[in-house]
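Residue numbers (the working numbering): 1 to 290.
Ideal placement from N, C-alpha and C gives every residue a C-beta, glycine not left out.
Notes for the one structure printed next.
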């Protein structure tokens, strides 16, 4: 009997140890995210960053770095922004709350940020449409000289973002084409920006092209229509008198609309001018005008 009890105790102890080992394995698996996909590792790392413990933050950053080194674009973006902290004008921060919260835990390190941005530029995934804001951001980083060496220049990323429907990229690309004198292409991008976000500034620029015949035939009626669209959008937005930029835009649209209407009226008057059709019949002695 005692022998049987002893055997049973041994089995119980071994079972307990096995169960404890299994639980320990699960705990370690959860901590280190063994067998996780890069996305899973990234999400686990972000979860660890939610705590205020320094060890958890360090471990979270380590996990996100692991995902970044496996070419997971979201992880590369997260760490790049966490280390850069100060962004060029126009940059659309993807993780504003995390960047602000981690400032007290992560020292600004532009070189480290550039390391992750460069990896991101070389990551084929970032060319997908869902990363259109980051494509626009990469253009801003290259223009600002923060990222200096890259496979593609700022114009490439700006065009890619615009093609994927990023309105700010459309407007900037339109302005770039305008400054280069490529008015036809500029008008196309202004039109795309207007369709994407009902931008009054884009409508004003398109009106100008029709008014002065830049990249398109002169058409005062078309110009009037675009200026009126700009006015209508501004009238429906917040009080232009409060926003100096909108106030200036509204005044600009009104001024241009007046010019376009005058031009159309002058053209109408020219078309309505009296015309005399005549023919002469006779010789040196007799003359008749019909």
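Task: Pairwise C-alpha distance: residue 134 and residue 126 - done: Translated into positions along the chain shown, residue 126 becomes position 126. Translated into positions along the chain shown, residue 134 becomes position 134. Between residue 126 and residue 134, the C-alpha separation is close to 8 angstroms.
Task: DSSP-derived helix/strand/coil call for residue 85 - done: As a working note, residue 85 is residue 85 in the chain shown. Three-state result, residue 85: coil.
Task: Separation of residue 48 from residue 56, as counted between CA atoms - done: Residue mapping note: residue 56 aligns to position 56 of the chain shown, counting from 1. Residue mapping note: residue 48 aligns to position 48 of the chain shown, counting from 1. When the Cα atoms are used, residue 56 and residue 48 turn out to be separated by approximately 5 angstroms.
TODO: Give me the Cα-Cα distance between residue 174 and residue 82, rounded to the nearest whole angstrom.
DONE: The residue you call residue 174 lines up with position 174 of the chain shown. The residue you call residue 82 lines up with position 82 of the chain shown. When rounded, the distance between both Cα atoms is 31 angstroms.
Open item on the list: Assuming the contact rule is C-beta atoms closer than 8 angstroms, residue 224 and residue 261 should be a hit. Round their C-beta distance to whole Å, please.
Closed with: Here the question's residue 224 lines up with position 224 in the chain shown. Here the question's residue 261 lines up with position 261 in the chain shown. That pair is a contact at about 6 angstroms.
TODO: State the Cα-Cα distance for the pair residue 96 and residue 137, rounded to the nearest angstrom.
DONE: In the chain shown, residue 96 corresponds to position 96, counting from 1. In the chain shown, residue 137 corresponds to position 137, counting from 1. Each residue's alpha carbon lies about 14 angstroms from the other.
Open item on the list: By the DSSP assignment, the alpha helix (DSSP H) with residue 97 in it spans what residues?
Closed with: The residue labelled residue 97 in the question sits at position 97 within the chain shown. Residues 96-102.
- [ ] Measure the alpha-carbon distance for residue 210 versus residue 221 and round it to whole angstroms.
- [x] Locating residue 210 in the chain shown gives position 210, where the first residue counts as 1. Locating residue 221 in the chain shown gives position 221, where the first residue counts as 1. Going by the C-alpha atoms only, they are around 8 angstroms apart.
Task: Residue ranges of each alpha helix (DSSP H) within the segment 169-251, 4 or longer - done: Listed in chain order, the complete alpha helix (DSSP H) runs (minimum 4 residues) inside the segment 169-251 are 183-197, 200-212, 220-236.
- [ ] Alpha carbon to alpha carbon, how far is residue 85 from residue 149? Give it in angstroms, no decimals.
- [x] Position 149 of the chain shown, counted from the first residue, corresponds to residue 149. Position 85 of the chain shown, counted from the first residue, corresponds to residue 85. Going from the Cα of residue 149 to the Cα of residue 85 covers about 20 angstroms.
TODO: Would you identify the three-state DSSP class for residue 51, choosing helix, strand or coil?
DONE: Within the chain shown, numbered from 1, the residue matching residue 51 stands at position 51. Taken through DSSP and simplified to helix, strand or coil, residue 51 comes out as coil.
Task: Backbone secondary structure at residue 72 - three-state DSSP - done: Residue 72 sits at position 72 when you count from the first residue of the chain shown. The answer is coil: DSSP assigns residue 72 none of H, G, I, E or B.
Task: For residue 250 and residue 236, the rounded distance between their alpha carbons - done: One-based indexing of the chain shown puts residue 236 at position 236. One-based indexing of the chain shown puts residue 250 at position 250. Approximately 12 angstroms between the Cα atoms of the pair.
Task: Inter-stretch contact (C-beta, 8 angstroms, three-pair minimum) for the segment 150-165 and the segment 90-110 - done: With the cut-off at 8 angstroms, the segment 150-165 and the segment 90-110 do not touch.
Task: Separation of residue 62 from residue 22, as counted between CA atoms - done: What you label residue 22 is simply residue 22 of the chain shown in a count that begins at 1. What you label residue 62 is simply residue 62 of the chain shown in a count that begins at 1. Because residue 22 carries a pLDDT of 38, less than 50, the predicted location of this residue cannot be relied on, and the following value inherits that uncertainty. Here the alpha carbons of residue 62 and residue 22 stand approximately 25 angstroms from one another.
Task: Cβ-based burial, residue 179 [other Cβ within 10 Å; buried from 16] - done: Position 179 of the chain shown, counting from 1, holds the residue named residue 179. Residue 179 comes out exposed.
Task: Contacts around residue 157, its chain only, beta-carbon distance under 6 angstroms, and the 5 residues preceding and following it disregarded - done: Looking up residue 157 in the chain shown gives position 157. Take residue 157, set aside five residues on each side of it, and the residues of its chain with a beta-carbon closer than 6 angstroms to its own are 135, 138, 139, in chain order.
TODO: Report the option in 228, 207, 90 whose CA atom is closest to the CA atom of residue 299.
DONE: There is no way to answer for residue 299, as the model of the chain reaches only from 1 to 290.
Open item on the list: So the candidates are 181, 192, 196; which of them puts its Cα closest to the Cα of residue 214?
Closed with: On the chain shown, position 214 is the one that residue 214 refers to. Taking only the C-alpha atoms, the option nearest residue 214 is 181.
TODO: Compare the beta carbon distance of residue 78 and residue 58 with 8 angstroms and say whether it is the shorter of the two.
DONE: Residue mapping note: residue 78 aligns to position 78 of the chain shown, counting from 1. Residue mapping note: residue 58 aligns to position 58 of the chain shown, counting from 1. Going by beta carbons, residue 78 and residue 58 fall outside the 8 angstroms limit.
- [ ] Pull up the distance between the alpha-carbon of residue 334 and that of residue 116, whole angstroms please.
- [x] In the structure displayed, the chain extends from 1 to 290; residue 334 sits before or after that span and is not available.
Open item on the list: So, with DSSP's three-state summary, where would you put residue 106?
Closed with: Mapped onto the chain shown, residue 106 falls at position 106. Coil, per DSSP.
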